[in-house]
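*Asks:*
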Amino acid sequence: MVNFSARDRFSFWQRIGRVGRILGKSETDISSEAIAYLPAQAWEQDITSLDFSGGRKALTEMLENLSCLDRPFLEIYWRSEAFLEIARPLLELEESLQNLPQIKVIARLYRTMQSLFRGKRDWNYYRGRMKALKGAEDIAEKSLKEIQKGWKYIKGGQAFVRTFIKANYPDEWENFQAGYTKIEDYENYFQENIEAAKELKQFAEIWQASYAPIFQFRDSLFESLNIRDPKGFLLDESDETVLEPFHLLRFYEFVEDGEFVQLISRAKNIYQLNFYLRYNGTAEEFKNHELNKLTAWENCRIERRINEAISPTPLLKQLETKLLPGVIINKTANMWIIIQLQRKGVSSYPIFVSCDDFEKEYTFFPGLTGILSIAMYGHVIKLEDGEDFYIAG
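Just so it is clear: in the sequence shown, position 102 is 101 by numbering that gives the first Met the number 0, and no numbers are missing.
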């Protein structure tokens, strides 16, 4: 007999399909026995009424009716801005099919996916978001003179300027939507105003950085570091390896050695990690404009502490970043959510925000897993232009 646990339907069918193989049975039609541990809510949702004489069909119908076996995390993914991860290759394929009859396949493919995953936004929305993001990526790399002269001709540039107006100038956006102004009207505005071009470039940098958690392969802020370990704290034979930065910061003392980080000793005490953000504005402005929003911040650094006391941390260029993306939420108001996610192993960090008039501790979620998880618990997250990160059913 095999025992296994399953938190959702996919896991149940995947693991029950392996029972015979685990028991070493060479033929698929030989009966096997297994015990499956389901979430406790399954009994509250009447799993005991299962008709055992109905076989696989009855079991399938019962499992489909158990809401505790839903995968809300995936549903939130499909209905959130995270779907851009899939929209990006679709847009690239659509662009490659321009002027070809096959281009219609893209819209049909998206509608099929939208139907399967119950998405709430149409293809035009995601196409527009991806064009704006591409425009932001290109504008962020241009010089101010290049932006002034040619923003209109940058791929996605016009889409991003629309987003810029919507996010920063609501009155102008109303005029734009009403047809009183057109995108061409801003050509001279940026060409004659270097400060406007600078503002556009800065917003492009923030917009591009804020989407980094969605497109990162790993749920990590920083790349793994090249480590030299001459004293053998980690390695027995080779003295070079790679190490996750937060593990390094918590457990070791080190120095930078060219392209490598060299371990000096194990930390006498395990460090607690937090972030520090210097915000140029009042605490009320931070609350109104920065909380509960997927964005990116300047002047943000990581700190090591022992018993609330800040410990000196060697500067590592690999951990220096101009803009740090993520979502900051109120610690006190959301303590229950934070505790629940910590129990599930979802990473979050204390962040101390120093404003012009006040300093306060908040909670910072830098990775997509954490951002989707707080949305799963009903926390409303906004994007830079005021759109919702996630649209509920």
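Backbone N, C-alpha and C define an ideal beta-carbon position, used for all residues, glycine too.
Measure the alpha-carbon distance for residue 380 versus residue 40 and round it to whole angstroms.
*Replies:* About 28 Å.
*Asks:* Cβ of residue 322 within 8 Å of Cβ of residue 360?
*Replies:* Going by C-beta atoms, residue 322 is not nearer than 8 Å to residue 360.
*Asks:* For the region 80–90 and the region 45–56, state whether three or more C-beta atom pairs, one from each stretch, are separated by less than 8 Å.
*Replies:* Too few Cβ pairs lie closer than 8 Å, so no.
*Asks:* Are residue 304 and residue 273 close, meaning C-beta to C-beta below 8 Å?
*Replies:* Yes, Cβ-Cβ distance for residue 304 and residue 273 is below 8 Å.
*Asks:* For my contact list, residue 260 and residue 226 are in at a C-beta cut-off of 8 Å; report their separation, rounded to the angstrom.
*Replies:* That belief holds up - the Cβ atoms of residue 260 and residue 226 are roughly 6 Å apart, short of 8 Å.
*Asks:* Just grab the DSSP bridge partners of residue 309 for me.
*Replies:* In the DSSP output, where bridge partners are listed per residue, residue 309 has 304.
*Asks:* Decide if residue 36 is buried, meaning its Cβ has at least 16 other Cβ atoms within 10 Å, or exposed.
*Replies:* Exposed.
*Asks:* With burial defined as no fewer than 16 other Cβ atoms inside 10 Å of the residue's Cβ, what is the status of residue 385: buried or exposed?
*Replies:* By the 10 Å Cβ count, residue 385 comes out exposed.
*Asks:* When the Cα of residue 276 is compared with those of 255, 348, 313, which residue comes out closest?
*Replies:* It is 348.
*Asks:* By how many angstroms is the C-alpha of residue 256 removed from the C-alpha of residue 352?
*Replies:* About 32 Å.
*Asks:* When DSSP labels each residue in this structure, what does residue 37 get in the three-state scheme?
*Replies:* Coil at residue 37, not helix or strand.
*Asks:* From residue 120 to residue 239, what does the alpha carbon distance come to, in whole angstroms?
*Replies:* Approximately 48 Å, taken between the alpha carbons.
*Asks:* Nearest by alpha-carbon distance to residue 354: which of 289, 199, 109, 106 is it?
*Replies:* Considering only alpha carbons, the answer is 289.
*Asks:* With DSSP as the reference, label residue 168 as helix, strand or coil.
*Replies:* In this structure, residue 168 counts as coil in the three-state DSSP scheme.
*Asks:* Would you decide whether residue 209 is buried or exposed? Buried here means 16 or more other CB atoms lie within 10 Å of its CB.
*Replies:* Buried, because 16 or more other Cβ atoms sit within 10 Å of the Cβ of residue 209.
*Asks:* Is residue 311 near the ligand NAD, judged by its Cβ being under 7 Å from some heavy atom?
*Replies:* Looking for the ligand NAD in the displayed structure turns up nothing, as the structure carries no ligands at all.
*Asks:* Residue range of the alpha helix (DSSP H) that residue 210 falls in?
*Replies:* Premise fails: residue 210 is in no alpha helix (DSSP H) and is neither H nor E.
*Asks:* Buried or exposed for residue 115, going by 16 or more other Cβ atoms inside 10 Å?
*Replies:* Under this definition residue 115 is an exposed residue.
*Asks:* Do the region 94–111 and the region 66–77 touch if we need at least three Cβ pairs shorter than 8 Å?
*Replies:* These segments do not touch.
*Asks:* Just to confirm the assignment, what range does the beta strand (DSSP E) spanning residue 232 have?
*Replies:* First-last for residue 232: undefined, no H or E at that position.
*Asks:* Using alpha carbons as the reference points, say which of 363, 196, 368, 10 lies closest to residue 69.
*Replies:* The option with the nearest alpha carbon to residue 69 is 10.
*Asks:* Among the residues of its own chain, which have a CB less than 8 Å from the CB of residue 93, if the five just before and after it don't count?
*Replies:* Counting only Cβ-Cβ distances below 8 Å, and skipping sequence neighbours, we find 102, 105, 126.
*Asks:* Taking buried to mean at least 16 other C-beta atoms within 10 Å of its own C-beta, is residue 162 buried or exposed?
*Replies:* Looking at its Cβ environment, which holds 16 or more other Cβ atoms inside 10 Å, residue 162 is buried.
*Asks:* Count the other CB atoms, across all protein chains shown, that sit within 10 Å of the CB of residue 294; report buried if there are 16 or more and exposed otherwise.
*Replies:* Classification for residue 294: buried.
*Asks:* Helix, strand or coil: which one does DSSP assign to residue 332?
*Replies:* Coil at residue 332, not helix or strand.
*Asks:* Are there three or more Cβ pairs, one per stretch, closer than 8 Å when the region 143–163 is compared with the region 195–210?
*Replies:* Yes, since at least three Cβ pairs between the region 143–163 and the region 195–210 fall closer than 8 Å, the two stretches touch.
*Asks:* Restricting to Cα atoms, I'd like to know which of 46, 82, 84, 143 is closest to residue 67.
*Replies:* Minimum Cα distance to residue 67 is reached at 46.
*Asks:* Take residue 253 as the anchor and find which of 137, 357, 315 has the nearest alpha-carbon.
*Replies:* For residue 253, the nearest C-alpha among the options comes from 315.
*Asks:* So what does residue 283 bridge to, in DSSP terms?
*Replies:* Beta-bridge pairing links residue 283 to no other residue.
*Asks:* In or out: residue 56 buried (at least 16 other Cβ within 10 Å) or exposed?
*Replies:* Under this definition residue 56 is an exposed residue.
*Asks:* Apply the 10 Å Cβ neighbour rule to residue 13 and answer buried if 16 or more other Cβ atoms are within range, or exposed otherwise.
*Replies:* Classification for residue 13: exposed.
*Asks:* Taking the alpha-carbon of residue 232 as reference, which of 270, 251, 43 has the nearest alpha-carbon?
*Replies:* Residue 251 is the option with its Cα nearest to residue 232.
*Asks:* For the putative contact between residue 367 and residue 244, defined by C-beta atoms under 8 Å, what is the C-beta separation to the nearest angstrom?
*Replies:* Contact flag wrong, Cβ pair sits at about 18 Å.
*Asks:* Go to residue 296, then tell me how far its beta strand (DSSP E) extends in each direction, as first and last residue.
*Replies:* Here the beta strand (DSSP E) through residue 296 covers 294–296.
*Asks:* Grouping DSSP H, G and I as helix and E and B as strand, with all else coil, what is residue 242?
*Replies:* Residue state, collapsed to three classes: strand.
*Asks:* Let's see if you can read the secondary structure: which residues bound the beta strand (DSSP E) around residue 130?
*Replies:* Where residue 130 is concerned, there is no enclosing beta strand (DSSP E), although the alpha helix (DSSP H) it sits in stretches over 122–140.
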